[in-house]
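Working notes, structure below.
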Amino acid sequence: MAMTARQRARVSLYVQAAIFVVAIAALVLATDWKTMATNVFNFGKIGPMFPDIFLVGLKNTLIYTFLGFVVGLSGGLLLALMKLSSFPLYRWIATGYIEFFRGIPALLVFIAFGYGVPLAFGVQWNVTIIVMISLGIVASAYIAETLRAGLQAVPKGQLEAARSLGMPQWRAMVTIVIPQAFKIVLPPLTNEVILLTKDSSLIYVLGLTASQYELTKFGRDGISSLGAGLTPLLVAGAFYLVVTIPLSLLARKFESRSARTKR
Amino acid sequence: MNDVVNSTAVHAAGVDITDLRKSYGSNEVLKGINLTVKPGEVVCLIGPSGSGKSTLLRCVNLLEQPNQGSIHVGGFEATDPDVDIDRMRRKVGMVFQQFNLFPHLNALRNCSIAQTKVLKRSQAEADKVSLHNLERVGLGHLADRFPDQLSGGQQQRVAIARALSMNPELMLFDEPTSALDPETVGDVLSVMRNLAKEGMTMLVVTHEMGFAREVADRVVFMDGGVVVEEGVAEQVIGSPAQPRTKEFLRRVLDPTHIEIEE
Ligand SMILES: Nc1ncnc2c1ncn2[C@@H]1O[C@H](COP(=O)(O)OP(=O)(O)OP(=O)(O)O)[C@@H](O)[C@H]1O
Ligand SMILES: [Mg+2]
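These protein sequence lines are chains A and B, in that order. For the first sequence, position 116 matches number 116 in the UniProt record's numbering, and the numbering has no gaps at all. For the second sequence, position 15 matches number 15 in the UniProt record's numbering, and the numbering has no gaps at all.
Here is the structure:
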């Protein structure tokens, strides 16, 4: 008995659904639900995390991310312009910086700044400053590449038209090229913010005082103090999603908007 | 303020090009060009693709750096290494084949942005000048449109208004109608014709032989990086002396022309 293409597609869909259901069922059966209830989904015991995980943890995560992004955006713009410079030394410096900081784990940068700087210079920086600089250093390497691509996506005729009107190079960049490049990079830049939000969790390696805790630190603390197993991490994770999912939707909105109109 | 807006009488500058040479790597594109455009004169530059017309035009406002020779524009010596490029360029308007309007600014802001940032005119004054020039090209009513809301011909006319808003003393046009739909070519050409009548110095790369014949004081035919023939339009286009000019014009004026061996 021969099947039409449509019938074959429908059977294939049923088979896929069946495999999916069986896999879920196997997972559910294999799980030790009693342990899970006390160690992962033990929401009855997480009361003490509130409202501080919200008022302190979320707030600090947002502050650290924002500061890191501001430093990363300024540094990234500078590096991107250096990388496009006609002066070779600038290009080499920018390339070296970008490859180095994209190539090492962000965690190492935090450790280097948190513990290396006080040892090297005998100064004890405020945690907020360490976070701002080290997140900014890592972010600027990634953002530089994004911005460079955006600047190069602006047609060469734009710069030529601006220069022909008597604008100096810097003025043409600031007034004509960078605003257009910025619109192009808005979606990838939003994605950088998402990555940065998650990278801000790495500051747990620094010695933090309670008022400096961010979401992950709250989660880790909860594990040792609440006796609810890993449940506090689940709560912290949920707070990250509260931040990152809207950002992701925003990035997609920027994307569809720039696809619809070049302006 | 009022002289900026109301004067249609143009303060015109001339161009003097002597033995200009330009190479890209080992490819010599301009092989010793001599060309003079007197103040108020309209010169059309014609020639086959790749002959160096755009390169010559772009050398005049230093979008390309010449290798040798000298270029005088108005009171400036473009080829002097110490020349203030930005001040020189204010006197030289440039119109591109691809318009190159700023897509993030509306027509009015396209015209006013360099006035406020470069000439330091107030926004109100710059807007007034811009509107005046948009009206001059017949687009005063579309001042708040963005480039992607305008037809090709309208965009090119905004580009001309943008250049005029800097009160240039010389206008360079690089095939301003080549990227346009046939029905909008006429509007752009008539704007250029009016500009010529007002006494603007114009150096125009074009394939519009009718326009060159009617408007140009002189026509220059280039081929292979040299000026092959130049003279009054009627002579160069009507009865060219050089065989290369004849051959080129035959192909431009009758694109379907097929060479038949006799
Ligand atoms: N930036 C560049 N780098 C290398 N070669 C170039 C560059 N610009 C132009 N050329 C070369 O210079 C020669 C002249 O180019 P140009 O654009 O001046 O010609 P044109 O007369 O304007 O031609 P068209 O009518 O096609 O516009 C061509 O052979 C071209 O390949
Ligand atoms: Mg050309």
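For each residue, glycine too, the CB sits at the ideal point set by N, CA and C.
| query | By the criterion of Cβ-Cβ separation under 7 Å, what are the contact partners of Leu139 of chain B in chain A? | reply | In chain order: nothing, as chain A lies at least about 18 Å away.
| said: Closer than 7 Å to a non-hydrogen atom of ligand 1 - does that hold for the CB of Gly47 of chain B? | reply: yes
| task | Pick helix, strand or coil for Asp80 of chain B, following the three-state DSSP scheme. | result | coil
| request: Quick one: give me the first and last residue of the beta strand (DSSP E) that Met167 of chain A is part of. | output: Per DSSP, Met167 of chain A belongs to no beta strand (DSSP E) and is neither H nor E.
| field | Buried versus exposed call for Arg148 of chain A [16 or more other C-beta atoms within 10 Å across all chains shown] | value | Under a 10 Å Cβ-count criterion, Arg148 of chain A is classified as buried, with 16 or more other Cβ atoms of the shown protein chains found around its own Cβ.
| query | Does ligand 1 have even one heavy atom less than 7 Å from the beta-carbon of Tyr97 of chain A? | reply | no
| field | Under 8 Å from the C-beta of Phe173 of chain B: neighbouring residues of chain A | value | Within 8 Å Cβ-Cβ: nothing; Phe173 of chain B doesn't reach chain A, min ~12 Å.
| query | How about Met94 of chain B: is its C-beta nearer than 8 Å to some C-beta of chain A? | reply | It does: the Cβ of Met94 of chain B has a partner Cβ on chain A nearer than 8 Å.
| Would you call Ile143 of chain A buried or exposed, if buried means 16 or more other Cβ atoms sit within 10 Å of its Cβ? | buried
| query | Nearest CA to the CA of Ala13 of chain B: which residue from B:Glu41, B:Leu20, B:Ser26, B:Gln123? | reply | B:Glu41
| Three-state secondary structure (DSSP) at Glu198 of chain B? | coil
| request: Check the Cβ-Cβ distances between Arg109 of chain B and every residue of chain A, and say whether any is below 8 Å. | output: For Arg109 of chain B, the answer is no, since every Cβ of chain A falls outside 8 Å of its Cβ.
| CB-CB under 8 Å to Arg89 of chain B, same chain, minus the five flanking residues each way: which ones, in chain order? | Asn61, Leu62
| said: Output needed for Glu145 of chain A: all residues of its chain with C-beta closer than 7 Å, excluding positions within five of it in sequence on either side, in chain order. | reply: Ile98
| message | Quick check on the burial criterion: 16 or more other C-beta atoms within 10 angstroms. Buried or exposed for Met202 of chain B? | response | By the 16-neighbour rule on beta-carbons within 10 angstroms, Met202 of chain B is buried.
| Asn27 of chain B CB to nearest heavy atom of ligand 1 below 7 Å | yes
| message | Quick check: the Cα distance between Leu164 of chain B and Gly76 of chain A, rounded to an integer number of angstroms? | response | 37 Å
| Within-8 Å CB hit, Met167 of chain A to chain B | yes
| message | Rounded to the nearest angstrom, what separates Leu196 of chain A and Val243 of chain A at their Cα positions? | response | Their Cα atoms are separated by approximately 11 Å.
| query | Does the Cβ of Asp174 of chain B lie closer than 7 Å to at least one heavy atom of ligand 2? | reply | yes
| message | Tell me the residue span of the alpha helix (DSSP H) that contains Lys128 of chain B. | response | 123 to 136
| request: Would you check whether ligand 2 has a heavy atom nearer than 7 Å to the C-beta of Ser54 of chain B? | output: yes
| At a CB-CB cut-off below 9 Å, which residues of chain B make contact with residue 286 of chain A? | Shown here, chain A extends from 1 to 263; a query on residue 286 of chain A therefore has no answer.
| query | How should Arg163 of chain A be labelled, buried or exposed, when 16 other C-beta atoms within 10 angstroms of its C-beta is the threshold for buried? | reply | buried
| field | Buried versus exposed, by CB contacts within 10 Å (16 or more), Glu262 of chain B | value | With a pLDDT of only 45 at Glu262 of chain B, under the threshold of 50, the placement of this residue in the model should not be trusted, and no figure is reported.
| Among A:Arg252, A:Ser201, A:Arg220, A:Leu78, the one whose alpha carbon lies nearest that of Asn191 of chain A | A:Arg252
| said: Please list, in chain order, the chain B residues whose beta carbon lies closer than 7 Å to that of Gly157 of chain A. | reply: Phe96, Gln98, Asn100
| field | Coarse secondary structure for Gln152 of chain A, derived from DSSP in three states | value | helix
| query | Listed in chain order, which residues of the segment 114 to 147 of chain B have Cβ atoms closer than 7 Å to some Cβ of chain A? | reply | Ala114, Lys117, Val118, Phe146
| message | So, under 8 Å CB-CB, Phe239 of chain A and Met49 of chain A are touching, yes? Tell me the CB distance rounded to an integer number of Å. | response | No, Phe239 of chain A and Met49 of chain A are not in contact; Cβ-Cβ is about 10 Å, not under 8 Å.
| request: State yes or no: is the C-beta of Val70 of chain A nearer than 7 Å to some heavy atom of ligand 2? | output: In this structure, ligand 2 has no non-hydrogen atom nearer than 7 Å to the beta-carbon of Val70 of chain A.
| Residue interval of the beta strand (DSSP E) (run including Ser23 of chain B) | 15 to 24
| What residues of chain B sit near Gln180 of chain A, judged by a beta carbon separation below 9 Å? | Phe102, Pro103, His104
| request: Express the C-alpha separation of Leu195 of chain B and Val185 of chain B in angstroms, rounding to a whole number. | output: So the alpha carbons of these two residues sit roughly 16 Å apart.
| message | Counting only beta-carbon separations shorter than 8 Å, does Ser164 of chain A have a partner in chain B? | response | Judged by the 8 Å Cβ criterion, Ser164 of chain A is in contact with chain B.
| task | Output the distance between the C-alpha atoms of Gly138 of chain B and Leu165 of chain A, rounded to the nearest integer angstrom. | result | In a straight line, the C-alpha of Gly138 of chain B is about 22 Å away from that of Leu165 of chain A.
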